[in-house]
Amino acid sequence: MLKPDADGRLLDYDVMVVGAGVAGMETAASMGDMGYRVLLVDKNASVGGRAILLSKVFPTLDCASCIVTPKMASVSHHPNVQLMTYSEVDAIARNSDGSFAVELHKKASFVDFDACTGCGKCEEICTVAIPDEYNYGLVTRRAAHIAFPQAVPKKAVIQRRGEAPCTFTCPANVKASGYVSLVRAGRYKEAFALHLENAPLVGSLARACYAPCESDCTRGEKEGTVHIRAIKRFMVDRYYAEHPEPEYGPVENQLETRVAIVGSGPAGLSAAFYLARLGHQVTIFEAEREAGGMLRTAIPAYRLPKDVVDRDIKNVTALGVEIRTGHRVTSLPELKRQGFDAVLITTGASDENSLDIEGRDLDGVVGCMQFLHDVNVGKLPDVKNKTVMVIGGGNSAMDPARAAIRMGAGRVIINYRRGRQEMPAHDWEIRGAEEEGVELMLMSTPKRFIGKDGKLVAVECISMVLGAPDESGRRRPVPIEGSEKTVPADVAVLAIGLAPSTTDFPAEMKNGKGLLVANPQTLQTADPDVFACGDCVTAPTMIINAVAQGRRAAFYIDRRLKGEPLDVPFDGVLDKTGKAAVLEEAKRFVERRPVPQPALPPDERRKTFECYEKAMSEAEARQEAQRCMNCAECSQCMECVSVCAPKCIDFAQKPTPLSLNVGAVVVSTGFKILDPATKELLGYGRFPDVISGPQMDRLLAPTRPYNAVLRPSDGKEPERIAIILCVGSRDETVCNPLCCRIGCMYAIKQAQLAMGALPMAEITIYMIDVRAFGKGYNEFYEQAKDMGIEFVKGKVARIEQLANGNLALHYEDMLGEGGRKIREHDLVVLTVGFLPNTDVFSLYKGGELAADDFGYVREVDPISEPARTNVDGLFVAGTTIGVMDIPDTVLHSGAAATQAAAYLERSGGRQ
Amino acid sequence: MSESRTQLRDMLDIAQDEMVMRDRIADLLEQGPKTIPELAEILGCPSREVMVWLFGMRRYGLVEGIGRAGADGYFQYELMKRP
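Written as structure tokens, this is what we have:
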């Protein structure tokens with residue numbers, strides 16, 4: 000049983016009308032006039048259906064806008080009609096009392112319709128061009144758009160499939176799709192600003208990020224991933240060259256709250272940046288002499304020049320963040336005593352795992368972090384002409400090996416206990432090392448270090464074989480007894496894993512692995528004023544993970560300091576866009592090979608710590624950005640947000656499900672247009688100047704996509720236009736035996752309008768016959784003949800393109816001399832057939848909504864009870880029963896309104 | 000047959016180039032009004048694709064057609080403002 004609402008009503012609406020074309024609008028307005036409360040739902044962003052896209056209507060040649068816009072305004076302002084656009088009905092079922100339960104959802108438009116003024120600024124600045132369905136693909140619109148100039152409601156919507164894979168995959172949710180789109184549009188400064196919203200260390204990430212975004216790029220399934228990091232490199236290099244100093248200073252609204260951050264690596268710097276932007280007073284304590292953490296001391300300059308780290312740090316300090324270097328924090332209570340309201344620990348993981356084998360303490364056996372630290376602070380280890388063996392197979396083994404090459408080592412060996420396939424290092428890192436001359440000694444591990452006079456002279460290695468999988472699933476390497484061999488070596492670098500740098504903190508803050516324990520959501524430790532993030536919590540990982548954690552920590556520290564609850568989500572992201580649909584669309588795309596990233600050749604690289612990857616030129620970066628496939632449609636470049644005066648754009652918006660009860664339902668979901676490409680011999684989709692009837696109507700409309708009636712191939716005014724009737728109607732080859740009922744008059748209307756627009760043009764209509772059955776239709780036909788429009792009785796079989804680009808029509812001449820003829824035209828319009836919109840049949844879940852033999856909704860008795868279906872209380876209006884002209888649609892809608900009203904009165908459904 | 004009228008790329012693929020090509024079109028129109036075939040020849044792109052990009056610009060007020068079509072049936076377009 001339905002329960003009454005606060006006003007005592009059982010039903011939310013007396014009737015729901017689905018589809019707001021001419022039929023839906025007419026039915027809704029009529030029932031509203033009768034006093035019924037009507038819900039009018041349409042999946043599109045505007046009411047008006049297909050009729051509002053027409054140029055004029057036949058046979059009166061009245062302006063379509065003049066006919067349709069009053070109806071659009073009427074349903075928009077009617078006191079009894081509730082309009083719900085950009086919404087879809089999911090299911091209609093019958094309640095026990097005979098009324099209908101409706102499940103529907105408002106689609107996420109990412110725009111607050113109440114606030115949107117329809118100014119169109121978002122559309123003008125949007126960086127993603129998409130074919131415009133309201134102009135049948137003749138031109139583009141933007142991902143942020145208002146449907147068409149007369150749209151009701153005139154509100155913007157942002158077309159967004161989800162999160163782009165690159166953006167979704169980035170741990171920091173850096174909007175790679177957005178800045179790539181901005182670079183493509185030539186807006187580099189905006190691209191930099193967008194990056195800052197999610198990660199402040201733009202320069203470092205452009206050089207040293209392992210770019211998980213690229214590993215999930217959809218283009219990677221075709222010709223190769225978009226070089227997102229290279230695009231970023233171009234963008235940030237250009238920005239830093241133009242802006243040696245940040246363009247901003249401390250925020251105006253400074254707060255009293257003080258935050259101490261222990262450690263100035265990527266996590267600490269990122270947290271400081273976002274906390275300072277929120278007005279908190281931030282001090283970073285750094286034990287080293289210079290800030291930057293691993294960026295400074297662990298990554299060699301050939302990957303990350305230190306002046307880039309310096310410039311990145313300026314992004315943070317420009318906000319007023321103080322960095323106290325050479326200051327090691329050993330007591331958290333002391334920080335609290337100094338007046339800090341919150342503490343964030345970001346000490347990283349630069350302690351080294353030990354290798355407890357004989358000779359570990361020999362001179363010449365060093366940890367990789369110590370080795371790299373010395374390299375990066377200028378205390379270059381003496382490896383010239385020496386043999387350096389690096390133990391380990393991860394990325395941290397590649398850096399000392401490649402650094403040793405650059406320092407003139409005679410021989411550099413990477414010794415790893417598994418095979419190459421099992422090496423944890425990125426393949427491109429391994430390839431780079433090999434190109435530079437690093438040798439791989441695989442399936443081998445050191446058994447002892449051999450010394451002479453306290454100095455390393457050789458490493459005794461033993462060969463390994465892969466045994467059974469261990470608990471991690473990887474096959475465990477097992478030594479092969481008796482396979483020992485001695486390899487002369489002067490330096491051995493241990494790159495066998497890093498441990499968290501947490502020795503300064505009490506045991507109760509740590510787990511068994513020495514990692515600090517923090518809530519994974521809020522990063523808060525057991526002490527509510529102490530937070531921890533980055534490698535000291537997660538164990539060693541990528542820079543971008545640390546950056547992500549820093550921003551997250553800032554979010555929750557800010558809430559803590561403001562006394563706000565922490566049980567709120569951090570980042571509202573949509574689901575990842577599925578690649579299948581994107582790749583399906585991309586089957587039709589031309590091949591776009593990756594733009595090679597400029598780089599020093601290996602021989603040059605070996606000699607220098609100069610960054611070996613070079614920045615792309617502007618043209619190269621934009622060309623590479625053009626390879627982006629706009630997976631999510633909207634790129635989240637956020638330009639719309641920046642220009643929206645009423646601040647109505649909301650990227651966190653989600654679809655809103657609704658459940659309603661209504662007394663009756665009228666479906667007016669219309670028809671579909673046959674794809675003219677199914678008539679392959681007529682060349683649609685192959686020849687640009689073969690267009691469809693709806694496209695011709697757009698060319699003739701006052702809101703036309705071009706500045707005149709032009710042919711799409713080259714913008715020339717056509718001189719010899721052909722209009723072909725019955726394309727895909729009365730046609731068993733496409734399973735559409737029905738006459739479309741409106742094609743003849745539609746085509747004659749277009750011919751008359753074209754003649755008005757192009758008085759010198761020759762216009763020919765190819766027809767089987769002309770069906771002029773309505774009032775004034777035959778007169779309209781005769782008028783066209785009087786105007787000089789030629790009617791040729793003959794079926795067109797094939798269209799070919801001629802050497803001059805014009806189109807040759809092969810047709811059968813049925814009235815003249817007879818036989819097969821060929822005639823030349825420079826624009827051909829296919830008057831296409833129409834098909835039932837079978838989506839309607841999935842709406843009703845209470846049984847089967849009956850269809851007629853052609854797939855349209857079947858009326859129980861079209862003569863005595865028009866608009867009634869086999870489902871009591873569910874009615875049908877307009878072209879959902881079969882295509883008809885606008886006057887018939889209006890009449891049929893009146894019948895549907897009357898039938899629905901009578902049903903409500905009979906059933907007591909009216910509230 | 001002119002190449003510009005035979006190649007037919009997918010509209011979505013063409014649209015992906017619009018943000019780059021409109022800057023190049025703006026550069027050319029800054030030097031003076033041009034027809035679509037003239038632009039296509041300089042850019043080395045099919046006229047149909049230039050149509051898409053140019054009328055994407057016109058939609059947002061960046062370019063406009065001048066007067067009436069010439070004797071050859073082509074309009075000239077002028078730059079109203081840069082993207």
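Chain order of the listed sequences is A and B.
Per numbering that gives the first Met the number 0, the first sequence runs over residues 0 to 910.
Per numbering that gives the first Met the number 0, the second sequence runs over residues 0 to 82.
No residue lacks a Cβ here, since even glycine has one placed at the ideal position from N, Cα and C.
- Cβ atoms of Ser180 (chain A) and Thr116 (chain A) stay farther apart than 8 Å, at about 25 Å.
- Under the Cβ distance rule, Ile35 (chain B) counts among the residues neighbouring chain A, one pair being separated by less than 8 Å.
- Annotation for Thr763 (chain A): the continuous beta strand (DSSP E) segment containing it runs Glu761 to Met766.
- Think of a sphere of 7 Å around the beta carbon of Ile129 (chain A): the chain B residues whose beta carbon falls inside it are Ala14, in chain order.
- Taking a cut-off of 8 Å on C-beta distances, the segment 636–654 of chain A touches the segment 98–115 of chain A, as three or more cross pairs fall below it.
- The beta carbon of Ile227 (chain A) lies closer than 8 Å to those of Cys165, Ala175, Val179, Ala210, Cys212, Glu213 and Cys216 in the same chain, with the five residues before and after it left out.
- Under the 10 Å beta carbon count, Glu716 (chain A) is surrounded by 16 or more other beta carbons and is classified as buried.
- For Ser54 (chain A), there are no neighbours in chain B by C-beta distance under 7 Å, as the nearest C-beta there is about 17 Å away.
- Listed in chain order, the alpha helix (DSSP H) runs fully inside the segment 77–106 of chain A amount to none, counting runs of at least 4 residues.
- With a minimum length of 4 residues, the unbroken runs of alpha helix (DSSP H) contained wholly in the segment 692–755 of chain A fall at 692–699.
- The beta carbon of Glu40 (chain B) sits no closer than 8 Å to any beta carbon of chain A.
- Taking the C-beta atoms as reference points, Tyr855 (chain A) is found nearer than 8 Å to Ile880 (chain A).
- Taking C-beta separations shorter than 6 Å and ignoring five residues to either side along the sequence, the partners of Gly64 (chain B) in its chain run Phe74 and Tyr76, following chain order.
- At a cut-off of 8 Å between beta carbons, Phe588 (chain A) contacts chain B.
- For Phe233 (chain A), the enclosing alpha helix (DSSP H) covers residues Ile227 to Glu241.
- Separation of Phe284 (chain A) and Thr329 (chain A) (C-alpha to C-alpha, rounded to the nearest whole angstrom) is 11 Å.
- The criterion of a C-beta distance shorter than 8 Å is not satisfied by Asn252 (chain A) and Gln15 (chain B).
- Sixteen is the threshold: since fewer than 16 other Cβ atoms of the shown chains lie within 10 Å of the Cβ of Tyr247 (chain A), the residue is exposed.
- Using a CB distance cut-off of 8 Å, Leu11 (chain B) counts as an interface residue toward chain A.
- Counting along the chain, no alpha helix (DSSP H) covers Asp355 (chain A), and no H or E run does either.
- Annotation for Met615 (chain A): Ala229 and Phe233 place their beta carbon closer than 6 Å to its own, counting only its chain and skipping 5 residues before and after.
- Apart from the 5 residues on each side of it in sequence, Ala624 (chain A) sits with its Cβ closer than 6 Å to the Cβ of Val179, Val182, Arg183 and Ile230 in its chain, given in chain order.
- Of the residues assessed, Ser353 (chain A) falls on the exposed side of the cut-off, its CB having fewer than 16 other CB atoms within 10 angstroms.
- Scanning A:Arg405, A:Pro568, A:Thr296 and A:Ala547 for the CA closest to the CA of Lys606 (chain A) turns up A:Arg405.
- The beta carbons of Ile798 (chain A) and Val827 (chain A) sit about 6 Å from each other, so the pair counts as a contact at 8 Å.
- The DSSP assignment places complete beta strand (DSSP E) segments of no fewer than 3 residues inside the segment 12–69 of chain B at 62–65, in order along the chain.
- Note on the segment 312–356 of chain A: whole alpha helix (DSSP H) runs with a minimum of 4 residues are 331–336, in chain order.
- By the criterion of at least three beta-carbon pairs nearer than 8 Å, the segment 463–478 of chain A is not in contact with the segment 338–346 of chain A.
- Across the segment 184–197 of chain A, CB contacts with chain B closer than 7 Å involve Ala184 and Gly185, in sequence order along the chain.
- The shortest C-alpha to C-alpha distance from Phe504 (chain A) to any of A:Ala531, A:Ser728 and A:Glu433 is the one to A:Ala531.
- Runs of the alpha helix (DSSP H) spanning 4 or more residues and lying entirely within the segment 367–439 of chain A occur at 367–375, 394–405 and 426–434, in chain order.
- Bounds of any alpha helix (DSSP H) do not take in Gln75 (chain B); it lies within the beta strand (DSSP E) bounded by Gln75 to Leu78.
- One alpha carbon belongs to Val21 (chain A), the other to Leu834 (chain A), and they sit about 17 Å apart.
- Along the segment 107–131 of chain A, the positions whose C-beta sits under 7 Å from a C-beta of chain B are Glu123, Thr126, Ala128, Ile129 and Pro130, read in chain order.
- Closer than 8 Å to the CB of Gly72 (chain B) there is at least one CB belonging to chain A.
- With 16 or more other Cβ atoms inside 10 Å of its own Cβ, Ala552 (chain A) counts as buried.
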